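Visitor: The structure follows.
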Amino acid sequence: MGSFAPLLATVITIAIILILALIVRNLVHRLIVRVVNRAANASPITGRFRKNGAATDGIDALLNERRKQRAETMGSVLKHVASIVVIGTAVLTVLDRLTIPIAPLLTSVGILGVAIGFGAQELVKDFIAGMFMLLEDQYGVGDVVDVGAAVGTVEAVTLRVTRLRDADGRVWYVRNGTIARVGNESQGWSRAYVDVPVAYDSDVATVRDVLRQVAGELWEDPELRESVIVEEPVVFGVEQLSDSSLVFRVSAKTLPVRQAEVARELRVRVKAALDDAGIAMAP
Amino acid sequence: MGSFAPLLATVITIAIILILALIVRNLVHRLIVRVVNRAANASPITGRFRKNGAATDGIDALLNERRKQRAETMGSVLKHVASIVVIGTAVLTVLDRLTIPIAPLLTSVGILGVAIGFGAQELVKDFIAGMFMLLEDQYGVGDVVDVGAAVGTVEAVTLRVTRLRDADGRVWYVRNGTIARVGNESQGWSRAYVDVPVAYDSDVATVRDVLRQVAGELWEDPELRESVIVEEPVVFGVEQLSDSSLVFRVSAKTLPVRQAEVARELRVRVKAALDDAGIAMAP
Amino acid sequence: MGSFAPLLATVITIAIILILALIVRNLVHRLIVRVVNRAANASPITGRFRKNGAATDGIDALLNERRKQRAETMGSVLKHVASIVVIGTAVLTVLDRLTIPIAPLLTSVGILGVAIGFGAQELVKDFIAGMFMLLEDQYGVGDVVDVGAAVGTVEAVTLRVTRLRDADGRVWYVRNGTIARVGNESQGWSRAYVDVPVAYDSDVATVRDVLRQVAGELWEDPELRESVIVEEPVVFGVEQLSDSSLVFRVSAKTLPVRQAEVARELRVRVKAALDDAGIAMAP
Amino acid sequence: MGSFAPLLATVITIAIILILALIVRNLVHRLIVRVVNRAANASPITGRFRKNGAATDGIDALLNERRKQRAETMGSVLKHVASIVVIGTAVLTVLDRLTIPIAPLLTSVGILGVAIGFGAQELVKDFIAGMFMLLEDQYGVGDVVDVGAAVGTVEAVTLRVTRLRDADGRVWYVRNGTIARVGNESQGWSRAYVDVPVAYDSDVATVRDVLRQVAGELWEDPELRESVIVEEPVVFGVEQLSDSSLVFRVSAKTLPVRQAEVARELRVRVKAALDDAGIAMAP
Amino acid sequence: MGSFAPLLATVITIAIILILALIVRNLVHRLIVRVVNRAANASPITGRFRKNGAATDGIDALLNERRKQRAETMGSVLKHVASIVVIGTAVLTVLDRLTIPIAPLLTSVGILGVAIGFGAQELVKDFIAGMFMLLEDQYGVGDVVDVGAAVGTVEAVTLRVTRLRDADGRVWYVRNGTIARVGNESQGWSRAYVDVPVAYDSDVATVRDVLRQVAGELWEDPELRESVIVEEPVVFGVEQLSDSSLVFRVSAKTLPVRQAEVARELRVRVKAALDDAGIAMAP
Amino acid sequence: MGSFAPLLATVITIAIILILALIVRNLVHRLIVRVVNRAANASPITGRFRKNGAATDGIDALLNERRKQRAETMGSVLKHVASIVVIGTAVLTVLDRLTIPIAPLLTSVGILGVAIGFGAQELVKDFIAGMFMLLEDQYGVGDVVDVGAAVGTVEAVTLRVTRLRDADGRVWYVRNGTIARVGNESQGWSRAYVDVPVAYDSDVATVRDVLRQVAGELWEDPELRESVIVEEPVVFGVEQLSDSSLVFRVSAKTLPVRQAEVARELRVRVKAALDDAGIAMAP
Amino acid sequence: MGSFAPLLATVITIAIILILALIVRNLVHRLIVRVVNRAANASPITGRFRKNGAATDGIDALLNERRKQRAETMGSVLKHVASIVVIGTAVLTVLDRLTIPIAPLLTSVGILGVAIGFGAQELVKDFIAGMFMLLEDQYGVGDVVDVGAAVGTVEAVTLRVTRLRDADGRVWYVRNGTIARVGNESQGWSRAYVDVPVAYDSDVATVRDVLRQVAGELWEDPELRESVIVEEPVVFGVEQLSDSSLVFRVSAKTLPVRQAEVARELRVRVKAALDDAGIAMAP
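Chains as they are written, first to last, in UniProt numbering: chain A, 1 to 283; chain B, 1 to 283; chain C, 1 to 283; chain D, 1 to 283; chain E, 1 to 283; chain F, 1 to 283; chain G, 1 to 283.
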């Protein structure tokens with residue numbers, strides 16, 4: 001009977017350890033949920049942006065949905081990591097209480113851990129980068145982004161990779177940690193440019209007037225106004241001066257990712273107007 | 001006889017250690033199998049993709065087969081690693097119980113391990129990259145991919161390297177860890193482009209009409225429709241405006257990797273149509 | 001009763017530890033606030049700059065506001081870090097006093113910590129870079145900056161990333177740690193250049209006179225003088241000498257980011273003046 | 001006599017240690033031989049490749065020979081490493097039993113080891129890369145490969161470097177660890193291309209017919225068929241469309257590394273055929 | 001009373017520790033001041049340079065001032081670091097004497113320290129680079145330098161960054177650690193070059209004479225001699241030989257950063273002289 | 001007297017330690033000599049090479065000399081390193097036996113060692129690279145090599161750097177560790193190429209005949225045959241096909257580094273032959 | 001009195017430690033001086049070089065002076081490092097003997113040391129690179145060198161940086177550790193090249209004769225022979241063969257850094273000779 005007492009004590013101790021581990025794990029999970037939610041709602045860089053950006057009022061519901069998804073994605077990995085730490089600690093503590101020597105185990109795992117640790121840097125880098133990208137809401141599914149390695153429409157974002165589809169239909173998987181800078185073309189507005197090189201002996205004032213008229217008509221066009229173009233187009237004076245040409249520029253602010261369309265329309269109209277006015281383009 | 005007792009105890013201890021090691025190894029292997037299978041089935045990035053992608057219903061069996069193979073490839077390495085850790089720990093524990101000093105052994109192995117660990121980073125990086133590529137099903141045998149170092153058809157994927165064959169018949173072995181981004185041309189659709197530069201004095205409306213007719217005929221062609229081209233081709237207006245030419249673009253969405261074929265057909269038809277309409281190409 | 005005494009002592013010890021931790025945390029927070037404020041006010045590189053720079057007197061209030069914001073941004077991260085260290089230490093000390101073995105916990109956390117530490121380097125690098133950028137006030141919201149990866153107007157600065165919007169409306173997120181050098185176009189003044197290539201047989205003196213007159217008129221223009229141009233424009237002599245052309249240069253110091261506008265105006269006037277003087281541009 | 005007893009015990013202990021070391025060393029060597037042989041025979045990436053590749057049946061003996069050599073090369077280094085670890089451990093254990101303090105020795109060796117370890121990374125990287133290259137049989141002596149730094153015929157492969165001879169007779173030594181991707185031109189087949197630019201006003205159908213005839217004759221040529229060319233050559237339609245030319249392409253699958261020869265023959269025949277048909281090449 | 005004795009002893013011990021810490025700190029600060037001053041005065045690379053350089057006698061006072069500022073900048077960081085080490089040691093020793101366990105604190109701080117240490121490498125690199133730049137006096141405020149990332153006039157130098165303003169008015173912040181090489185244009189002298197391509201059939205001797213005369217007149221010009229140009233300009237013979245041109249070069253040593261001005265003057269004079277001599281420039 | 005006994009014992013112990021150190025050092029030196037010699041004689045990559053290479057029989061004596069020198073160079077560094085380890089260990093052991101505490105010494109040396117270890121990586125890399133280069137006999141004094149950073153004749157090889165002299169007389173010092181691949185032009189043979197572009201309307205057969213005759217005469221030339229050219233030159237058919245030219249190629253295998261000479265001779269003869277045959281080169 | 005005995009013993013121990021430290025420091029300094037001197041005198045790479053190089057006999061005194069300076073530069077840093085190690089060890093030992101706990105001090109210094117160690121790698125790299133550059137005497141003050149980042153005349157060499165002045169008068173500070181390869185133009189000889197493109201229909205033999213005569217006259221010129229040109233110039237045959245030109249090359253070996261001067265003289269003479277012979281240069 002005397003030999004049962006320590007056994008019993010050991011069993012009880014182990015039970016307590018395991019119960020405590022479960023409790024701690026749950027507490028940590030809840031903490032993670034709360035921190036992640038608060039972070040997703042209060043990201044400083046996003047917060048300020050939304051205030052200054054255009055056309056953000058009507059899409060609050062969408063943003064809320066996106067925010068919730070982001071919080072879940074981030075939380076899930078953190079929860080896994082927390083569970084592994086808590087369970088690992090509990091197992092080691094139990095082994096210790098059973099007076100089983102854990103040094104050999106730690107040695108094996110340690111050597112392996114160091115060997116893998118070096119190689120896993122990139123992986124951790126990808127995850128950390130992905131977590132902050134999500135936190136800062138740099139882009140979401142459907143945005144057209146330039147991540148350096150590829151330009152295209154975002155089809156999926158995970159903590160490790162971003163999946164884009166470019167204009168040729170190619171699907172790109174880009175590791176988040178390799179993205180040093182992201183250019184998002186879908187936020188606020190885009191700008192359409194058309195450069196118009198006319199012959200050197202053209203009259204500056206006349207060309208400017210013709211182009212201004214084109215710009216004005218574009219702005220008045222009911223199909224384009226405000227549903228595509230968000231500000232009256234502007235004509236910039238002589239952008240370049242050479243022996244053979246004067247370069248004018250017409251520029252229009254459009255809704256995001258609509259600039260190619262507007263530029264095409266502008267080119268057609270500019271050509272027609274120059275033809276009508278008898279102004280030759282630079283040879 | 002008294003001297004046998006501790007010997008016997010030692011033998012029993014060792015036997016228990018070895019048996020426990022085998023049990024733990026089996027448990028860990030089963031755990032790996034389960035985790036890998038679940039991961040292969042529920043990869044978030046693939047999951048979302050399959051829903052939005054085109055033409056994925058009829059190939060579910062193929063995907064299932066691929067999924068099973070991927071799970072096996074991933075599981076086999078993890079099982080090896082787990083076995084080495086468990087066996088190593090068991091051996092060290094046995095040596096410890098036999099009161100054989102393990103410090104010298106650990107010293108030798110440790111120095112070697114550090115020396116190798118630094119150099120093996122790349123290897124570990126390759127394996128980790130390969131594991132996640134498989135997990136996320138970024139590409140499979142038969143896909144045409146752009147991995148930066150080479151573009152070609154995937155012939156084999158292992159955890160360390162991907163084997164491609166490019167259009168010239170060259171076989172490329174690319175280490176997975178050196179692939180920062182992958183462009184997969186075999187997912188969903190591709191796009192065929194033909195740029196048509198016509199003389200500056202051409203009439204914009206006429207050219208557009210001619211090209212639209214070519215596009216329409218291509219789409220009506222029973223040999224191409226839906227078996228190659230997946231959407232009616234589109235004619236984009238003036239893409240570029242210079243003193244000597246106007247550039248139009250005809251664009252068609254095709255089945256994956258069929259774009260070159262469609263573009264060739266488009267060029268033949270565009271040339272014929274322009275010749276018929278008497279429109280000169282830009283000099 | 002005798003068994004209560006040590007329990008009571010333990011409870012009191014723990015209470016003291018926790019109270020001390022709170023006190024230390026508050027002290028450290030106050031210290032951080034003071035240090036950060038002093039640093040924000042006395043950055044040597046900014047201090048010297050403000051003295052030599054132009055047009056800095058009227059914007060002191062703005063700078064003060066910016067300084068306060070910067071101090072808050074910097075302080076908030078440092079406070080978080082300090083809190084984690086103090087709380088972590090307190091928890092470990094309490095566990096130690098409760099004679100709970102903390103070695104297994106440290107082992108788990110340590111292995112994880114090393115694994116993450118390697119991958120988190122970039123993150124720490126970003127934060128450190130961001131902290132010093134803020135401290136040195138290299139740029140603020142509204143400045144036009146060139147950070148290598150992108151050029152545009154700063155929309156937000158956090159410790160980890162800087163958000164820019166470029167001229168095309170693209171929004172760029174650039175990690176602070178990847179910015180090796182920053183070019184700020186919004187400090188002090190900018191310079192507008194126009195290169196004027198004239199035919200080789202032009203008379204050097206005549207051309208110089210014509211250009212000087214253009215420069216003088218620009219400077220006399222009441223709309224531009226001092227509200228845009230901050231110094232009388234200068235004409236540089238023959239910048240390049242080839243068989244076919246002589247290149248002159250007109251240069252004007254303007255308010256920051258106004259150089260394109262002034263250069264355009266200059267080009268229009270230079271063309272008119274050369275036409276009047278009958279001087280041909282280089283073919 | 002009493003003082004001899006411990007001495008004798010020590011001597012016996014040392015003898016046992018040394019004998020055990022020899023036994024362990026032999027066991028490990030045998031294990032290495034078995035593992036390496038199995039790996040060389042069952043490399044997954046090679047296995048799959050051989051099934052799909054062309055012309056592999058008759059060269060099984062050659063491959064077997066190559067496999068044996070590879071296994072030897074790999075095994076020899078692993079055996080050396082294993083010997084060093086076993087002998088080192090034995091020496092340290094003996095010193096320990098002789099109660100000679102080994103800490104100073106370990107200190108000296110350790111500091112040196114760390115210093116060298118950092119620098120030896122590249123070396124270890126080279127060896128690991130070489131081992132996997134051999135294991136996966138990426139290339140062998142006689143193959144024409146593109147290793148990035150050089151393109152040429154492999155003359156020798158060791159675990160550290162690969163020796164190539166390029167077309168100019170230059171001998172290249174390339175460290176295996178610096179080879180991120182290998183392009184092997186000697187596996188399966190190569191492709192010969194000839195681009196034929198004809199004048200814009202040529203008739204598409206006529207040119208295509210002429211080229212198809214050339215392709216057909218090449219395929220019928222008994223000297224080339226199947227001993228050099230492995231598939232009937234194909235004529236691709238208009239590959240490029242400009243104002244001045246139409247580009248056609250003739251393409252033929254050949255035995256590995258024979259593509260230049262076939263392309264030359266094709267060019268001679270295409271020229272003759274175009275001359276006969278009176279079709280002008282694009283100016 | 002007996003319980004006060006150890007308390008008193010502890011208090012006294014702590015007082016002694018703190019006093020010693022202050023004394024050591026002061027000693028170290030004085031040591032730093034002395035070492036930094038000696039280093040600033042006796043930098044070998046600067047020392048040798050000043051002897052060989054031109055125009056250094058009259059600016060000794062300026063250099064002395066600069067030297068003093070540099071010594072202060074360097075000393076201030078070193079003093080901060082020394083203070084932190086001394087205070088940290090004192091605090092840990094006091095805690096130790098109070099029998100407060102410091103292991104948990106060290107653990108927390110250590111994990112944080114390693115995590116930050118990796119990321120702070122760049123920062124330390126910047127500071128070390130800055131310290132040596134100052135020590136070697138590579139450049140000072142007002143110098144025109146090329147630091148790779150940017151070229152411009154130095155506006156401020158701190159230990160971490162250098163602030164330049166380029167010719168366009170852009171302000172550049174360049175981290176000192178990213179500057180691998182510095183080109184300082186403000187030390188000693190600069191050289192102005194003008195390349196003169198003349199027609200192939202020009203007489204070599206005649207052209208050389210004309211150019212030598214221009215060079216001689218420039219040197220005789222009282223406005224330029226020695227106040228701008230520091231050596232008689234030299235005419236180099238045929239620098240390039242092609243079918244259409246012979247290229248001569250006129251070169252003049254000027255005061256630092258005055259080369260553009262001299263080159264402009266040279267071009268005007270060369271053109272006039274060639275026109276007078278009826279020598280055509282190369283077409 | 002009793003106090004002398006331990007002193008005497010200590011002295012004897014120290015003497016034994018030092019004597020043992022000398023013996024061990026000598027043994028290790030001999031071991032190094034034997035290992036290095038065997039390695040220099042049996043390098044696998046060189047061994048195989050010599051068998052396949054050309055013209056290696058008569059230069060065995062030279063190679064033997066070179067081998068001996070290489071063995072010496074390699075052995076000397078290894079001996080230094082071994083001596084330092086043995087002496088360091090002996091000193092530490094002696095200090096330990098004298099009961100002098102070595103921890104402070106180890107601390108000082110350790111901190112320094114780590115600090116230097118990081119920076120010395122490159123140095124160790126250079127030495128390891130140099131050792132293997134020598135071992136594999138990649139190049140020797142007098143060879144013309146391309147090491148990436150420079151191309152030239154090897155003038156000296158040490159373990160750290162290789163000294164080359166390029167064709168302009170510039171002497172290059174290249175660190176061995178920065179050489180990722182070496183191209184040795186002095187092994188076996190070189191190839192001389194001459195590309196001959198003829199007018200598009202030339203007769204393919206005629207041109208080929210003319211060129212074959214030139215090639216035959218070159219081969220028959222007693223001054224060149226076998227003393228410079230090692231194989232009959234070959235004429236390759238149409239290498240390139242454009243609207244304006246046909247490109248033929250004549251290629252000759254020469255002794256190493258003699259290709260420029262042969263190519264020059266070929267060009268002179270080809271020009272003469274084409275002139276004689278009245279064949280125009282492509283315009 | 002009894003309490004003085006241990007105090008006295010402690011004082012004596014400390015005195016002995018300090019005296020020993022001074023002795024050891026002096027011994028180490030002497031050892032450094034001897035090793036550095038021997039190294040500077042017996043650098044293998046320089047040694048061999050001097051034997052083969054040209055014009056080295058008369059400058060032995062200069063080289064000796066340079067050698068002495070180099071030995072001093074190298075020795076001074078090593079002495080500093082040795083002093084710091086010896087003094088640090090002595091201080092720690094004294095603290096230990098005074099039973100002052102050194103663990104807190106080591107902790108503070110250690111954390112700081114690791115933090116700085118990472119960042120100081122570059123510095124150590126620079127110093128090691130500088131030390132070996134000096135040891136191998138790669139270049140000295142006055143040599144014209146190409147260090148990749150800049151080309152110019154060496155003005156100063158320290159262990160950390162090399163100071164160059166380029167042809168434009170710019171002063172470059174290049175960190176020694178960033179110099180992967182050095183090209184020294186001032187050792188032995190340089191080569192002057194002039195490429196002479198003549199019209200395609202020129203007679204090869206005539207052109208060669210004309211150029212050979214120019215070369216011969218240059219060599220006979222008493223002003224140039226041996227004081228500038230060190231070998232008779234050579235005329236290389238047809239270096240390039242195109243439809244429009246034949247390229248000949250005249251090449252002359254000159255004293256170091258005199259090649260530009262000789263090439264200019266050659267061009268003037270070649271032009272005159274071709275004009276005289278009525279040979280046109282290629283159009």
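For each residue, glycine too, the CB sits at the ideal point set by N, CA and C. Keep in mind it's a predicted model, so treat the numbers as computed, not measured.
Give me, in chain order, the residues of the same chain whose beta-carbon lies closer than 6 angstroms to that of G/Leu-218; leave out the 5 immediate sequence neighbours on both sides.
Guide: Once the five neighbours on either side are set aside, the close Cβ partners of G/Leu-218 are Pro-233.
Visitor: Determine the direct distance from the alpha carbon of A/Gly-183 to that of D/Phe-127, and round the result to whole angstroms.
Guide: Taking the straight line joining both Cα atoms gives about 41 angstroms.
Visitor: Who are the near neighbours of A/Ser-242 in its chain, counting only those whose CB is closer than 8 angstroms to its CB and skipping five residues on each side?
Guide: Cβ neighbours of A/Ser-242 beyond the five flanking positions: Tyr-200.
Visitor: Give the secondary structure of G/Asp-126 by DSSP, where H, G and I count as helix, E and B as strand, and everything else as coil.
Guide: If DSSP states are grouped into helix, strand and coil, G/Asp-126 belongs with the helices.
Visitor: Going by beta carbon distance, what residues of the same chain come within less than 6 angstroms of F/Val-28, once the five residues before and after it are set aside?
Guide: Within the same chain, F/Val-28 has close Cβ partners Ala-82.
Visitor: Indicate whether at least one CB of chain D lies closer than 9 angstroms to the CB of F/Phe-49.
Guide: Reliability of the predicted coordinates at F/Phe-49 is poor, the pLDDT of 40 falling under 50, and no value is obtained from them.
Visitor: Let me know if D/Gly-140 comes out buried or exposed under the rule of 16 or more other beta-carbons within 10 Å of its beta-carbon.
Guide: Buried is the call here.
Visitor: Just list the alpha helix (DSSP H) runs in the segment 140 to 214 of chain A, keeping only unbroken ones of 4 residues or longer that don't cross its boundaries, in chain order.
Guide: Counting only runs of 4 or more, we get nothing.
Visitor: For B/Val-234, list the residues DSSP reports as bridge partners.
Guide: In DSSP, B/Val-234 forms a bridge with B/Ser-251.
Visitor: Per the contact definition of three or more C-beta pairs closer than 8 angstroms, is the segment 96 to 108 of chain E in contact with the segment 31 to 43 of chain E?
Guide: In short, these stretches do not touch, since the Cβ pair count stays below three.
Visitor: Take C/Arg-170 as the anchor and find which of A/Thr-254, A/Ser-108, A/Arg-225 has the nearest alpha-carbon.
Guide: Nearest option by C-alpha distance: A/Thr-254.
Visitor: Closer than 7 angstroms, Cβ to Cβ, to anything on chain D: give me those residues from the segment 86 to 109 of chain B, in chain order.
Guide: Those residues of the segment 86 to 109 of chain B that come within reach of chain D (Cβ to Cβ, closer than 7 angstroms) are Pro-101, Pro-104, Leu-105, Thr-107, Ser-108, Val-109.
Visitor: F/Gln-240: which of D/Val-154, D/Ala-260, D/Lys-68 sits nearest, CA to CA?
Guide: Cα-wise, what sits closest to F/Gln-240 is D/Ala-260.
Visitor: Would you call the segment 172 to 187 of chain E and the segment 131 to 147 of chain E touching, i.e. three or more CB-CB distances under 8 angstroms?
Guide: With the cut-off at 8 angstroms, the segment 172 to 187 of chain E and the segment 131 to 147 of chain E touch.
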